[in-house]
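To start, the structure under review is shown below, and the notes come after it.
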Amino acid sequence: MEEQTTLEPLYELLRRDTSSSVNEAGSSLQRAILKKFFRASRVNIKKANSGYKIKIWPMLSTKKTASFIFRIPQSQMHSFLQSCIKNDTKGRGFYTGMMQYLMLNKSQS
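In the working numbering, the protein residues as written are 19 to 127.
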């Protein structure tokens, strides 16, 4: 329960980010979450029909061309990214730091 309330401001930023990203796909916040969760060296997010096409290059792959692609409906992007955060049990410090950085930069702009 404590983890959920601690990261609630990040979830709210993510909620706004995924709902306002109608014109652009894959904000740096979205890519950072996916890179962390999938341990990826690179993430590409493109608009595709009524959702997103996500291509991920795993960091630990022995082949430079190794990647995988999946699609997420636009209506599920927020819950998918939030699930990545919740299921990354070792990433709590990373996400807390990300939230603090984003909140600090938001207040300075």
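We put the beta carbon where it would ideally sit given N, CA and C, even for glycine.
Beta-carbon spacing of residue i, residue j below 9 Å
i       : j       : result
Leu-31  : Lys-104 : no
Phe-88  : Lys-64  : no
Tyr-113 : Leu-25  : yes
Met-77  : Ser-93  : no
Leu-47  : Met-121 : no
His-96  : Arg-33  : yes
DSSP state of residue i mapped onto helix, strand, coil
i       : result
Lys-81  : coil
Lys-108 : coil
Asn-67  : coil
Ser-59  : strand
Gly-44  : coil
Residue i to residue j span [Cα, whole Å]
i       : j       : result
Gln-100 : Gln-118 : 17 Å
Ser-37  : Thr-83  : 32 Å
Phe-55  : Ala-66  : 22 Å
Thr-80  : Val-61  : 17 Å
Leu-28  : Gly-69  : 22 Å
Ser-45  : Lys-108 : 23 Å
Lys-73  : Asp-106 : 19 Å
Ile-90  : Cys-102 : 13 Å
Gly-111 : Asp-35  : 21 Å
Beta-carbon contacts of residue i that lie in its chain and below 8 Å, excluding the five residues immediately before and after
i      : result
Trp-75 : Ala-58, Ser-59, Arg-60, Val-61, Ala-84 and Ser-85
Beta-bridge pairing of residue i - partner residues as DSSP gives them
i      : result
Phe-88 : Ile-72
Near the ligand HEM: residue i beta-carbon under 8 Å from a heavy atom
i      : result
Ile-90 : This structure lacks the ligand HEM, and indeed carries no ligand of any kind.
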